[in-house]
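Q:
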Amino acid sequence: LASEDQRSRVLKNLAASSDVLIDAVLGTGFHLPLSGAAKEVLEEVKAAMDKRPRPAFIAAVDCPSGVDCDSGDRADEVLTANLTVTLAAAKRGLLIFPAAGAVGELVVADIGIPAGQKELSSVDVDMATPSQVRPWLPVRAKDAHKGTFGRAIVVGGSVNYPGSVALAAEAAYRVGAGLVTLAAPSSLQAALAGLLPEATWILLPSEMGAIAVDAAGIVREEMANAQAMLIGPGFGLDPSTEAFVARLLGREAAPHAGIGFVHERGVQPSESDVAPASVWDADGLKLLARLPEWWRALPKETILTPHPGEMAVLTGEDTQAIQRDRVGRAQHWSKTWGQVVVLKGAHTVVAAADGRTTVLPFATAALARAGTGDVLAGAIVGLRAQGVGAYESAVLGGFLHGRAGELAAETLGTTASVLAGDVVEALAMAIAELEALPAGS
């Protein structure tokens with residue numbers, strides 16, 4: 036038998052000379068700390084790989100060895116994979132950093148386990164795939180007209196954040212909405228109208244460049260003429276806009292009942308006064324959080340799109356605690372609020388109140404740029420305007436947004452130079468990819 040030293044030399048030579056390395060040492064069930072022979076093997080391979088003139092392609096089976104597939108922790112000796120083929124279902128730990136940083140592209144492989152098998156049937160999280168989201172793309176009949184694809188209203192903007200509503204509105208158009216209307220301070224129109232000539236406008240009164248409280252009545256009058264509404268991009272946190280949000284939701288003693296919302300006095304809206312499908316984003320979320328039990332004032336299946344900091348404001352939880360259990364916190368608060376939660380970030384989590392949960396397979400620095408959240412919210416509201424369901428719009432919009440970020444980076448050759456506007460333009464390519472999939476794929 037070969038001595039331990041001989042086996043070590045063979046291993047190092049193979050690691051230094053092979054173009055492809057399959058990592059299948061450890062998998063599900065491993066928990067830190069890493070020790071013994073597994074630790075020594077990974078240390079030796081990692082050292083050999085670091086000396087290579089060009090990197091090998093590393094494919095991990097189920098989980099990169101040394102990653103805790105439950106908690107998302109990782110050992111220092113983990114080999115960073117280019118591809119992880121996880122078996123039967125995505126493991127939560129693979130979607131949580133720091134472990135997620137070692138996963139590379141994540142693919143869920145069917146290994147023939149029956150769907151009704153006890154352990155598999157208890158898994159409550161899906162990993163979004165092209166074949167899953169493809170059927171949710173709206174059908175575009177040749178005899179369609181703009182009314183076929185719905186009207187979306189984007190309510191937002193302020194003198195300090197004028198571009199947010201434009202990005203969101205263009206994204207809504209790019210995913211197929213028939214008509215997009217900007218409801219923004221009148222002072223922004225001259226600067227923004229040329230950026231998106233296809234948009235129509237609702238000019239709102241403002242105070243010091245921010246939306247004024249009296250704008251609520253104007254927005255309410257337009258609700259019946261729209262299929263979906265996005266509220267919040269570019270708002271700022273001005274007191275006048277805070278008062279606007281409160282009045283829009285009927286949260287004041289004066290006789291202004293928000294159409295389609297639960298009135299503070301307990302008056303229920305009539306069926307003819309139902310608000311359009313709603314998406315709340317950015318500073319709109321922070322202003323919501325200032326209202327007692329704000330979730331009771333929202334229509335069912337409202338979509339909330341917080342990043343971790345905004346989620347902390349909405350929940351009162353610590354941002355780091357949210358990040359440590361992104362799936363669990365999104366599920367908990369979605370059920371508590373009765374709404375669809377889109378917890379943004381690397382591997383965005385979409386959770387519905389009925390327990391459906393999908394994780395998006397995107398973690399790219401291309402989206403780490405101001406304005407990309409506005410693009411996501413705009414894509415979601417554009418799909419809602421076309422009649423796509425709330426949960427489906429959130430998952431499909433998130434998928435298109437994530438893939439558009441990747442495509443923009445591929446076009447530019449680097450993630451460092453991707454702007455939010457590049458992501459908007461790449462939405463068309465992301466949609467085209469899905470449309471090109473064979474039926475039933």
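Per this note's numbering, the sequence shown starts with residue 36, numbered consecutively. Just so it is clear, CB atoms sit at the ideal spot from N, CA and C, and this is done for glycine as well. Predicted, not measured: the structure shown is a model, and the values here were computed from it.
(1) Looking only at its chain, what residues have a beta carbon closer than 6 Å to the beta carbon of Leu217, apart from the 5 residues adjacent to it on each side?
(2) If you count every other CB in all the chains shown that lies within 10 Å of the CB of Lys540, and 16 or more means buried, which is it?
(3) In the structure shown, what three-state DSSP assignment does Thr164 receive?
(4) Can you tell me which of the three DSSP states Val280 falls into?
(5) How many angstroms separate the CA atom of Leu333 from the CA atom of Ala356?
(6) Give me the Cα-Cα distance between Val120 and Ser52, rounded to the nearest whole angstrom.
(7) Please classify Gln262: is it buried, with 16 or more other beta-carbons within 10 angstroms of its beta-carbon, or exposed?
(8) According to the neighbour-count rule (16 or more other Cβ atoms, all chains shown, within 10 Å of its Cβ), is His66 buried or exposed?
(9) Using the Cβ count rule (16 or more neighbours within 10 Å means buried), how would you classify Leu380?
(10) Please state the DSSP three-state secondary structure of Asp389.
(11) Excluding five sequence neighbours on each side, which residues of the same chain lie with their C-beta closer than 8 Å to the C-beta of Thr350?
(12) Compute the Euclidean distance between the alpha carbons of Gly424 and Ser166, then round it to the nearest angstrom.
(13) Could you tell me how far apart the beta carbons of Gly191 and Pro240 are, in whole angstroms, since I believe they sit closer than 8 Å?
(14) Report yes if the C-beta distance between Gly139 and Gly107 is below 9 Å; otherwise report no.
(15) Enumerate in chain order the residues of its own chain whose CB-to-CB distance from Val376 is below 7 Å, with the five nearest sequence positions on each side excluded.
(16) Hey, quick one: how far does the alpha helix (DSSP H) through Glu205 stretch, first residue to last?
(17) Name the DSSP bridge partner or partners of Arg186?
A: On the basis of the data shown:
(1) Val189, Val200, Ala204, Ala234 and Trp236
(2) The first residue shown for the chain is 36 and the last is 476, placing residue 540 beyond what the model contains.
(3) coil
(4) helix
(5) 26 Å
(6) 23 Å
(7) buried
(8) exposed
(9) Looking at the sequence itself, residue 380 is Gly, so the reference to Leu does not match. Gly380 comes out buried.
(10) coil
(11) Ile357, Arg364 and Trp368
(12) 17 Å
(13) That pair is no contact at about 15 Å.
(14) no
(15) Leu339, Ala365, Trp368, Ser369 and Ala386
(16) Gly198 to Arg209
(17) Leu214
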